[in-house]
Amino acid sequence: MTIESQPPASPASFPAFQRFWADLKSPDFAALDVAATIAVLPAAAIEQHGPHLPLSVDTDLVNGVIAHCLPHLKPEQRVLFMPTQCIGRSIEHVEFAGTLTLGAATLIQSWIDLGECVARTGIKKLVLLNAHGGNVSTMDIVGRELRARFGMTVWMVNTFGLPLPADVRGLFGADEERFGVHGGDVETSMMLALHPHKVDMGLATNFHSSSRDRAAGFTILGDGRSAKLAWSSQDLNPQGVAGNAAAATADKGRAVLVAAGRSLAQLLDEVSRIPALG
């Protein structure tokens, strides 16, 4: 059964506790067990992903991982998913038409403002769930600010950093895992599983990344750990993509989504069990 053909979950398959912030009514917040509730703020991007993928990739993927997480949440878990923040910090992609980006200060302040709204309800645990590499630095700043200003316990989580079983990682190989960082096999496979009508495999190819050349020629600068290059996407490949998109399949994408959904559910269970910071 493909993901698109799966029937929507029946109301009986979810606990009485609503999972989505926007579906609550304002008076509902007075009845929340705020000490046991976790707010999750999903963040993504609207940006170019090459000739074969839509601008919506990161937004589609974070929403897809959440959808695959929901069935694995325990009925007693108090998790509230906030509306996905679709536009992030995508300055590394602005040379390609259609990319939307916010200034760093604007984005930081908007996420801090949203965190303050969460804190105002009395909820102290917040997970920033991000699906776009360009948001990572911003997310780290926001998490520390929310801790310092409002005493919140904030966990910064990247969907692409969630642990996957060895057999799922093996579907792509170490080379693609390291260098296929944007619009390659992994993201294209996930999009084929979620929204195949948005993918043009006729334009998918093996988009060579200049990072591979640096890794081959420079021991320290190219080791992927010691130094971080401030690249724009055209620096990796003239088409702004890095990775073997031609190797993508829907089956591989489904395997990633299922595994990532389970990992996210486990992570949220651990967040619910670990005490909030004092």
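Once you know that position 266 of the sequence shown is 266 in the working numbering, the rest is easy, because the numbers rise by one and skip nothing. Ideal Cβ positions, reconstructed from N, Cα and C, are used throughout, including at glycine.
Thinking C-alpha only, which one of 125, 215 and 44 is nearest residue 77?
125
Applying the criterion that 16 or more other CB atoms from any shown protein chain within 10 Å of the CB defines a buried residue, is residue 209 buried or exposed?
buried
Which word fits residue 117, buried or exposed, when buried means at least 16 other C-beta atoms lie within 10 angstroms of its C-beta?
exposed
Which ranges does the beta strand (DSSP E) cover as unbroken runs of at least 3 residues, wholly within the region 118-204, from first to last along the chain?
125-130 and 153-158
Beta carbon of residue 123 nearer than 9 Å to that of residue 38:
yes
Contacting residues, own chain, Cβ-Cβ under 7 Å from residue 195 (five flanking each side not counted):
60
Should residue 176 go down as buried or exposed, given a rule of 16 or more other Cβ atoms within 10 Å for buried?
buried
Does the separation of the CB atoms of residue 162 and residue 65 fall below 9 Å?
yes
What is the C-beta distance between residue 204 and residue 246, in whole angstroms, given that I count them as a contact (C-beta under 8 Å)?
5 Å
Please report the straight-line C-alpha distance between residue 11 and residue 139, rounded to a whole angstrom.
Caution is warranted here: a pLDDT of 39 is assigned to residue 11, below 50, making its placement in the model unreliable, and the coordinate value is therefore given only provisionally. In a straight line, the C-alpha of residue 11 is about 33 Å away from that of residue 139.
I think residue 250 touches residue 192, with their Cβ atoms under 8 Å apart; what is that distance to the nearest whole Å?
4 Å
Kindly indicate which three-state DSSP category residue 13 falls into: helix, strand or coil?
Note that residue 13 scores 43 on pLDDT, short of 50, meaning its location in the model is unreliable; the coordinates nonetheless yield the value given after this. Three-state result, residue 13: helix.
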